[in-house]
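Add 52 to a position in the sequence shown, counting from 1, and you land on the number used in our numbering. One structure is given here, and the rest of the page talks about it.
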Amino acid sequence: MTHRIKVIIPIPMDQESADNRASQLPAGMILPGFHPEFVPVAKGASLGDSAYDVLLMDFSVVQAGLRAQEEGYSAVCIDTVSDSGLAALRSRLDIPVIAPGMAAFHTACMLGKKFSIITMWDEWFPLYEKTLTEYHLWPRVASLRSIKTRPDLKELLEGKEEVVFAKLEAEARRAMEEDGADVIVLGSTTMHQSHAYLAERLPIPVINPGLVSYKLCEMLLSLGLSQSRKAYPAPQILNDAAYHGFAGQ
């Protein structure tokens, strides 16, 4: 059986930039019969750096995912550690809906006692604070740390490796030595290019959230599992037009 997985990129972008995001899934990591398709939203947020932008991400991700089941996808994977639109799409769709924050944080809890999130800039801290509170995971968090560098969500870390990778390693080591972290979680799927570098140099696990969330999609589909209807009840009255009206479609 063939499974198409819709990976929703929460920022509008051209095909070249979408391909950069898709490179976080090496071909050898994709199981036979599974086909991830990276699809950017039509309109919406820019950086996820404010409550204003986060609201745009929630709306645009939900709008992009509402018809995934009708379009023939077997699952939806949301390509942002903010987990934008996750609960709404789980309520609306019967197919599995997975996001990197939930997947990465809970994986970290299985690998160690305390994890730290290492990210690009402080402006993304509220994204993690919101989800960590919702998932009741603060007792397992050692710290949130950033390298105070404005992210590029389209070109990602390309051309910046020498400077950015060293900064990320330095913060990860501080998290380990000063904060007590025994697992590191990268704070964005846009940071995936740094994963191999950090994993080779740090003595503790480093979690690449986009890859973990995609592989979780594969696992759930293989096991025939999806989100609980008790936890995420379906709406009694559908109003998808409200989302599409927001997007100007």
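Virtual Cβ for every residue (Gly too), placed ideally from N, Cα, C.
Could you pull the start and end residues of the beta strand (DSSP E) that residue i belongs to?
i: S168; result: 167 to 171
i: S98; result: Looking at the DSSP string, S98 is not in any beta strand (DSSP E), and its letter there is neither H nor E.
i: P64; result: Careful: P64 lies outside any beta strand (DSSP E) and carries neither H nor E.
i: P287; result: Run containing P287: none; DSSP gives neither H nor E here.
i: P92; result: 86 to 92
With a cut-off of 8 Å on the beta carbons, I'd call residue i and residue j a contact; round off their distance for me.
i: P62; j: T132; result: 5 Å
i: I130; j: A151; result: 4 Å
i: S112; j: K95; result: 6 Å
i: K166; j: D234; result: 6 Å
i: K219; j: T201; result: 7 Å
i: Y295; j: L118; result: 6 Å
i: V258; j: A155; result: Not really, about 15 Å apart at Cβ, beyond 8 Å.
i: V237; j: I169; result: 5 Å
Which of the three DSSP states is assigned to residue i in this structure?
i: A299; result: Confidence is the limiting factor: at A299 the pLDDT is only 47, short of 50, which leaves the residue's position unreliable and the question unanswerable from this model.
i: K219; result: helix
i: K58; result: strand
i: K282; result: coil
i: R202; result: coil
i: P191; result: helix
i: N72; result: helix
i: M53; result: coil
Could you spell out the range, first to last residue, of the alpha helix (DSSP H) harbouring residue i?
i: E186; result: 177 to 186
i: P261; result: 261 to 275
Pull the bridge partners of residue i from the DSSP assignment, please.
i: L83; result: BP columns for L83 are empty, so no partner.
i: L196; result: I169
Quick one: which unbroken beta strand (DSSP E) runs of 3-plus residues sit fully inside the region 229 to 255? Chain order, please.
235 to 238
Could you name each continuous alpha helix (DSSP H) segment of 4 residues or more that falls completely within the region 94 to 168, going from the start of the chain to the end?
103 to 117, 138 to 144, 152 to 163
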